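Engineer: All residue numbers for the sequence shown refer to this note's numbering, where the first residue is 362 and numbers rise by one.
Glycine is no exception: its CB is placed at the ideal position from the N, C-alpha and C atoms.
Since the structure is predicted, the reported quantities are computational estimates derived from the model, not experimental observations.
Could you have a look at this structure, given as C-alpha cells, before my questions?
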Amino acid sequence: MPENRGLKGLRGEHPDWFLWWRDGMVYALPLVPTPSTTIGEQKRVRCGDSLRFLIAFIGFSLPKKFPKYDAFRRRPFSFIGRKDELVGVAAKQLRKAPTLLKAFAIRPAFTLEAKIVEPTPDNTIIGLFLRTKTKWAISADLNALAAAGVDLTGLCVVRRKYVPGERRLVGQISNVSGKTVHLAAAYDDRAMISTDEVLLEGSRASFARCLKTLLGRDYDLFENARQREEAKLLTGAAVNELLAQFHQFLQKDPVFTITDELRIRVNEQLAIGNTPEYESIFCAPPVQYYFNPARTKASQYPWAGLQNYGPFSKDTFPKRTPTILIVLPEHLQGATEAFLRCLRDGITTKGRSPYQGGFAKLFGLLNPSFITVKVLTAHTDPSSAYRRTIEEYLAASTTTPDAAIVVLADQHAALPDKANPYLVAKATLMLNGIPSQEIKASRLSKQPYELQYILQNFTIALYAKMNGTPWTVNQDTTISDELVIGIGTSELSTSRFDKRTRYIGLTTVFRGDGNYLLGHVSRDCTFEEYPVVLQETTERILEELKQRNGWNPGDNVRLIFHSFKPLKNVEVAEIAKRAALAVGDEQTIEFAFLTVTIDHSFLLLDPAQSGINRNGNRKAVFVPERGTIAQLGRYTRLVCTNGPLLVKNEKTPLPSPLLVHIHKGSTFTDLTYLSEQVLKFTGLSWRSTLPAQKPVSIYYSELIADLLSRLREVSGWSPAILNSKLRASRWFL
362 MPENRGLKGL
372 RGEHPDWFLW
382 WRDGMVYALP
392 LVPTPSTTIG
402 EQKRVRCGDS
412 LRFLIAFIGF
422 SLPKKFPKYD
432 AFRRRPFSFI
442 GRKDELVGVA
452 AKQLRKAPTL
462 LKAFAIRPAF
472 TLEAKIVEPT
482 PDNTIIGLFL
492 RTKTKWAISA
502 DLNALAAAGV
512 DLTGLCVVRR
522 KYVPGERRLV
532 GQISNVSGKT
542 VHLAAAYDDR
552 AMISTDEVLL
562 EGSRASFARC
572 LKTLLGRDYD
582 LFENARQREE
592 AKLLTGAAVN
602 ELLAQFHQFL
612 QKDPVFTITD
622 ELRIRVNEQL
632 AIGNTPEYES
642 IFCAPPVQYY
652 FNPARTKASQ
662 YPWAGLQNYG
672 PFSKDTFPKR
682 TPTILIVLPE
692 HLQGATEAFL
702 RCLRDGITTK
712 GRSPYQGGFA
722 KLFGLLNPSF
732 ITVKVLTAHT
742 DPSSAYRRTI
752 EEYLAASTTT
762 PDAAIVVLAD
772 QHAALPDKAN
782 PYLVAKATLM
792 LNGIPSQEIK
802 ASRLSKQPYE
812 LQYILQNFTI
822 ALYAKMNGTP
832 WTVNQDTTIS
842 DELVIGIGTS
852 ELSTSRFDKR
862 TRYIGLTTVF
872 RGDGNYLLGH
882 VSRDCTFEEY
892 PVVLQETTER
902 ILEELKQRNG
912 WNPGDNVRLI
922 FHSFKPLKNV
932 EVAEIAKRAA
942 LAVGDEQTIE
952 FAFLTVTIDH
962 SFLLLDPAQS
972 GINRNGNRKA
982 VFVPERGTIA
992 QLGRYTRLVC
1002 TNGPLLVKNE
1012 KTPLPSPLLV
1022 HIHKGSTFTD
1032 LTYLSEQVLK
1042 FTGLSWRSTL
1052 PAQKPVSIYY
1062 SELIADLLSR
1072 LREVSGWSPA
1082 ILNSKLRASR
1092 WFL
C-alpha cells in the first residue's frame, strides 16, 4: 500500500486485526486467537527493529486500561478527567453565582503517548509520557446567553453530537434569531443551522466574552480563583503528583500483551541521569551578552550591560541624531509630554534607577528630536483620523522620520483590525518606510517605579526598529562565516473556514552571534507551489548574503536553519540543503537543519528544585534551571529556556522545554553546540530585557506572521515594502 489513505477501510474489513502502516507496508497483528479474516503473509520480526510498531500497539491498547473514560482523541490517547471541575470550585468565591455559570465547565484533560527515547547511546527505551491540559466546554443555550446580554457575534459554534471523522466545528455566528443561528462563515457554506444542533465553542475567547458579561465586576475575582485551581493541575508539583497517581493506577494492570510470547510491562518513572561514561543531561553556562564587536564588554544581564557599556552598535549606528515622530490623540497631550520627558531624561529614584540617564545617554545618541503631531479623534472615525494626520504631516515634511511613536487611547486599541488606529497608523507609516512603536494611554501614566521598567523594553524595541543592535552573543570564530536562518510560514486566510488557503514564506537571517541581518517575505502561493517558492527564495537570499559577506572560494561557511512547524509533507530540510549547496558550490558548506518545537509530549522535572519563596508562597517547584539540556535521542535534545527565576508566580504552569531535532542529512551535527546556540538565541528578542521562550529565529517569524495577518485587514496595505526599505528593520517588535 503506497499511501496510508486506504488503511481506514482496511481496518473495517479486518476488525480482528491491529493494522499499522509504515513506508508502504501494512503490518498486521491478530487481536483474537482465531481472527475471522486473513490478511497478508506471516513473518517473524525482531523487536529491536519494530519499536515503532510496538509503540503504535501500546497507543491502540491504552483505552482498555481506562475503561471508565471515553477518549476524545484516540491517537494519541486523550481523555477528560471526572474528579475535578474548575468553574464550580472557582464559583464558590463569588457572592452570588448566576445560574448560567453552571453551563460552563473546565476539566483536566490527560494525554498518554508511548515514545521511543535514547538518553544514552544504544540504550533505547519505550516510555509512556503524560501531558495535562484543560478542556473547556460551554453547554448553555444560545438564546439564554443572548437574553443575558452576551454578544455572540463572531464566536463559533460546534455540533452537539458528531460521529467519528466528522468535523465538529460548524461555523461563525452572524446572529441568533429564535431557533436559528445565522452563520457569517462555515465549512460547508451553509447559511444557518438550528440552535438545537449546536453549542458555543468552548474556547478561551468564548469564555471571556460570556463570563465578562455574566459576572460583571466579579469577573476578575472569578479569574483569579480559576487560575489558582488550574495551578493545582499544571504546576511542577502538580505534574509530579499526577505522574505518581498514574503510575500507581497503571501498576494495577501493568502489562501490555503483544503476543503469547511477548509482553511489555510498565516500569518505574523514567529518570535521565549521568554516568561516569556518558553525560545525558547538563546545564549550559549562563548566556553572556556582548556590547562591542571585540567581545571585551560583556554581561550576563542585558540591561546592566546597556547601562555600563551602551549598545553593541554604539560606534557604528548611522542614526546618531534620529528624528522620531510622535502621533498622539489631542486629549492625551499632557500625559504624552510627561512620558516623553521620562523617556528622554530618565527616571531618578533612590539608589540606581533601572532607567537612569534617558534614551540618548543609554543608547549613545546625540540630540534626538521628537516631533509631535496631534490627532483630532472627536466626532470622527479614529483610524481615519490617524491616517489623515500622518499623511498630511509626511506630505508637508521635507525629511522622513527615522521612527514613530503612536499613542493610543485604550478603547481604540481594542477596535477590530480594519478599524484599529494602531494598525492603520502602523500600515501608513510602514508604507513610507517608517517603523513605529505603539503605547496605550494606561501605560503612559504609570507611577515612576513601574514606568522605568516599561521604558526599558520600549526603548530597546525602538532602537532595534531603527536598525540598531542592542546586544549580541558569542559565536564560533574558527570559520569564515556562520549564519542562522529561520524559516517560517504564514497562512493567508480570512477565517478558519477558508477552503483554499494560500501561504507565504517568512525568512529571518542572523549572524552566528545573533546580529539580525534581514527579513524576507515571499510571494503568496498555493500549497503545491510552496516548495518551489521556498527554494527560489532561499537561493536568492543566500546569493545576496554570499555577495554581502564576501564569501571567497574555499571558505568554510556554516549555515544553520531553524524551522518551527514545517508544512506537512513538505521536505523543508531537503529544500534548504539543495539551496545551500547550489549557492555555495565554491565554498565548503557545513549545513545543519533543526526543527524547534514547543508543542510536544515531553516535560522535564527537577526533583532537587524546591522552589523560590515569594511572599510566603513557593514558586517554580520542580522547575529545571534555564539552560538545562537533556538528550532524548541521538538526534534530539530538550532545552529548558525558562528557569525558576523566570517563573512568574506560584500559579505558573511547569514550563515546557524546547524540543530540538536535527535532520539526519545535516553535515554539521554537533548537537550540544546547536542546542546551546538555540538557548542563546532566546536572549536576543530585543522586545524585552528578559529572554523569550523561543529562539528569535522562530519568534520573529511568529511576530511577523501575526502582524501580517492583521495588516491584511487594513485598506491600502501592501507587504512589498518589507522587502525593500524595511528589510533590515525589526519593525515587528
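(1) So residue 987 and residue 1007 are supposed to be a Cβ contact under 8 Å. How far apart are they, rounded?
(2) If you draw a straight line from the alpha carbon of residue 1079 to that of residue 1038, how long is it in whole angstroms?
(3) DSSP state of residue 1066, grouped into three classes?
(4) Look at the alpha carbon of residue 912 and the alpha carbon of residue 840, and state the distance between them as a whole number of angstroms.
(5) Would you give the residue range spanned by the beta strand (DSSP E) that residue 538 belongs to?
(6) For the alpha helix (DSSP H) holding residue 1001, just list the boundary residues, first then last.
(7) Less than 6 Å between C-beta atoms, sequence neighbours within five positions excluded: which residues of the same chain meet that for residue 691?
(8) Give the range of the beta strand (DSSP E) segment to which residue 381 is assigned.
(9) Using beta-carbon positions only, say whether residue 843 and residue 919 come within less than 8 Å of one another.
(10) With a cut-off of 8 Å on the beta carbons, I'd call residue 635 and residue 642 a contact; round off their distance for me.
(11) Give me, in chain order, the residues of the same chain whose beta-carbon lies closer than 7 Å to that of residue 774; leave out the 5 immediate sequence neighbours on both sides.
(12) Report, in whole angstroms, the separation of the C-beta atoms of residue 1099 and residue 1042, which I expect to be a contact under 8 Å.
(13) How close, in whole Å, do the beta carbons of residue 795 and residue 764 come, if the pair is a contact with beta carbons under 8 Å?
(14) In whole angstroms, give me the CA-to-CA distance for residue 878 and residue 909.
(15) When you compare only the Cα positions, how much space is there between residue 1035 and residue 385?
(16) Do the CB positions of residue 953 and residue 1023 come within less than 8 Å of each other?
(17) How many Å lie between residue 687 and residue 777 at the Cα?
(18) Going by C-alpha distance, which of 612, 724, 429 and 591 is nearest residue 827?
(19) So residue 611 packs on residue 627, CB below 8 Å; how close in whole Å?
(20) Rounding to the nearest angstrom, what Cα-Cα distance links residue 709 and residue 697 in this structure?
(21) Report the rounded CA-to-CA distance for residue 1071 versus residue 564, giving the unit in angstroms.
(22) What whole-angstrom Cβ distance do residue 1059 and residue 1017 have, given they're in contact under 8 Å?
(23) From the DSSP output, which residues share a beta bridge with residue 391?
(24) For residue 969 and residue 704, I'd like the C-alpha separation in whole angstroms.
(25) Helix or strand or just coil, what does DSSP make of residue 821?
(26) According to DSSP, is residue 842 helix, strand or coil?
(27) Between 407, 403, 389 and 483, which lies nearest to residue 995 when the distance is taken from Cα to Cα?
(28) Taking residue 947 and residue 1029 to be in contact with their CB atoms under 8 Å, please state how far apart those CB atoms are, rounded to whole angstroms.
(29) Reducing DSSP to helix, strand and coil, say where residue 798 ends up.
(30) Go ahead and label residue 992 buried or exposed: buried means 16 or more other beta carbons lie within 10 angstroms of its beta carbon, across all protein chains shown.
(31) Please go through the same chain and pick out, in chain order, the residues whose beta-carbon is closer than 7 Å to the beta-carbon of residue 940, but skip the five residues on each side of it.
(32) Going along the chain, which residues of its own chain have a beta-carbon closer than 8 Å to the beta-carbon of residue 416, five neighbours each way excluded?
(33) For residue 994, write down the residues that DSSP places opposite it in a beta bridge.
(34) Residue 594 and residue 495: beta carbons closer than 8 Å?
(35) Would the beta-carbon of residue 867 fall within 8 Å of that of residue 845?
(36) Pick from 409, 552, 833 and 538: whose alpha carbon is nearest that of residue 532?
Structural biologist: Reading from the atomic positions:
(1) Within the sequence shown, residue 987 is the residue found at index 626, counting from 1. Within the sequence shown, residue 1007 is the residue found at index 646, counting from 1. In this structure residue 987 is in contact with residue 1007, their Cβ atoms being roughly 6 Å apart against a cut-off of 8 Å.
(2) Numbered from its first residue, the sequence shown carries residue 1079 at position 718. Numbered from its first residue, the sequence shown carries residue 1038 at position 677. Distance from the CA atom of residue 1079 to the CA atom of residue 1038, rounded to whole angstroms, is 34 Å.
(3) Along the sequence shown, one-based indexing puts residue 1066 at 705. DSSP places residue 1066 in helix when its eight states are reduced to three.
(4) As a first step, residue 912 is located in the sequence shown; it is residue number 551 there, counting from the start. As a first step, residue 840 is located in the sequence shown; it is residue number 479 there, counting from the start. Using only the alpha carbons, I get a separation of about 11 Å.
(5) The sequence position of residue 538 within the sequence shown is 177, counting from 1. Unbroken beta strand (DSSP E) run through residue 538: 530-538.
(6) In the sequence shown, the residue the question calls residue 1001 occupies position 640. Premise fails: residue 1001 is in no alpha helix (DSSP H) and is neither H nor E.
(7) Locating residue 691 in the sequence shown gives position 330, counting from the first residue. Excluding positions up to five away in sequence, the list reads 735 and 737.
(8) Position 20 of the sequence shown, counting from 1, holds the residue named residue 381. Element bounds for residue 381: 378-383.
(9) Residue mapping note: residue 843 aligns to position 482 of the sequence shown, counting from 1. Residue mapping note: residue 919 aligns to position 558 of the sequence shown, counting from 1. Yes, the pair counts as a contact, with Cβ atoms nearer than the cut-off.
(10) The count along the sequence shown starts at 1 and reaches residue 635 at position 274. The count along the sequence shown starts at 1 and reaches residue 642 at position 281. About 6 Å separates the beta carbon of residue 635 from that of residue 642, a gap short enough to meet the 8 Å contact definition.
(11) Translated into the one-based positions of the sequence shown, residue 774 becomes position 413. Excluding sequence neighbours, residue 774 sits near 783 and 801.
(12) The requested residue 1099 does not occur in the structure, where the chain is confined to residues 362 to 1094.
(13) By 1-based counting over the sequence shown, the position of residue 795 is 434. By 1-based counting over the sequence shown, the position of residue 764 is 403. Here residue 795 really is in contact with residue 764; their C-beta atoms are around 7 Å apart, less than 8 Å.
(14) For this step, residue 878 is matched to residue 517 along the sequence shown. For this step, residue 909 is matched to residue 548 along the sequence shown. Approximately 10 Å, taken between the alpha carbons.
(15) Within the sequence shown, residue 1035 is the residue found at index 674, counting from 1. Within the sequence shown, residue 385 is the residue found at index 24, counting from 1. Taking the straight line joining both Cα atoms gives about 34 Å.
(16) Position 592 of the sequence shown holds residue 953. Position 662 of the sequence shown holds residue 1023. Against a cut-off of 8 Å, the Cβ pair of residue 1023 and residue 953 comes out as a contact.
(17) Counting from 1 along the sequence shown, the entry for residue 687 is found at position 326. Counting from 1 along the sequence shown, the entry for residue 777 is found at position 416. Roughly 23 Å separates the two Cα atoms.
(18) Taking the first residue of the sequence shown as position 1, residue 827 is located at position 466. When only C-alpha atoms are compared, the closest one is 724.
(19) Looking up residue 611 in the sequence shown gives position 250. Looking up residue 627 in the sequence shown gives position 266. The Cβ separation is near 5 Å, so the contact holds.
(20) Here residue 709 refers to the residue found at position 348 of the sequence shown. Here residue 697 refers to the residue found at position 336 of the sequence shown. The alpha-carbon atoms of residue 709 and residue 697 are separated by roughly 19 Å.
(21) As a working note, residue 1071 is residue 710 in the sequence shown. As a working note, residue 564 is residue 203 in the sequence shown. Their Cα atoms are separated by approximately 20 Å.
(22) Taking the first residue of the sequence shown as 1, we reach residue 1059 at position 698. Taking the first residue of the sequence shown as 1, we reach residue 1017 at position 656. Cβ-Cβ separation between residue 1059 and residue 1017: approximately 14 Å, too far for a contact (criterion under 8 Å).
(23) Reading the sequence shown from its first residue, position 30 is the one you call residue 391. Bridge partners of residue 391 according to DSSP: 378.
(24) By one-based count along the sequence shown, residue 969 stands at place 608. By one-based count along the sequence shown, residue 704 stands at place 343. Distance between the alpha carbons of residue 969 and residue 704 is about 43 Å.
(25) In the sequence shown, residue 821 corresponds to position 460, counting from 1. In the three-state scheme derived from DSSP, where H, G and I count as helix and E and B as strand, residue 821 is classed as helix.
(26) Counting from one through the sequence shown, the residue named residue 842 turns up at place 481. DSSP places residue 842 in the strand class (E or B) of the three-state scheme.
(27) Residue mapping note: residue 995 aligns to position 634 of the sequence shown, counting from 1. Measuring from the Cα of residue 995, the nearest candidate turns out to be 483.
(28) Position 586 of the sequence shown, counting from 1, holds the residue named residue 947. Position 668 of the sequence shown, counting from 1, holds the residue named residue 1029. Not confirmed; about 18 Å, so no contact.
(29) Looking up residue 798 in the sequence shown gives position 437. Shown here, residue 798 sits in a strand according to DSSP, grouped into three states.
(30) As a working mapping, residue 992 is identified with position 631 in the sequence shown. Taking every protein chain shown into account, the CB of residue 992 has 16 or more other CB atoms within 10 angstroms, so this residue is buried.
(31) Against the sequence shown, residue 940 aligns to sequence position 579. Sequence-distant partners of residue 940 (beyond 5 residues in either direction) whose C-beta falls short of 7 Å from its own C-beta, in its chain, are 896, 899, 900 and 903.
(32) Taking the sequence shown and counting its residues from 1, the one referred to as residue 416 is at position 55. These residues qualify, in order along the chain: 475, 476, 477 and 487.
(33) Here the question's residue 994 lines up with position 633 in the sequence shown. Its beta-bridge partners are 997.
(34) For the purposes of this step, residue 594 is taken as the residue at position 233 of the sequence shown. For the purposes of this step, residue 495 is taken as the residue at position 134 of the sequence shown. Yes, these two residues count as a Cβ contact at 8 Å.
(35) For the purposes of this step, residue 867 is taken as residue 506 along the sequence shown, with counting starting at 1. For the purposes of this step, residue 845 is taken as residue 484 along the sequence shown, with counting starting at 1. For residue 867 and residue 845, no; Cβs fall outside 8 Å.
(36) Position 171 of the sequence shown, counted from the start, is the residue given in the question as residue 532. When each option's Cα is compared against that of residue 532, the closest is 552.
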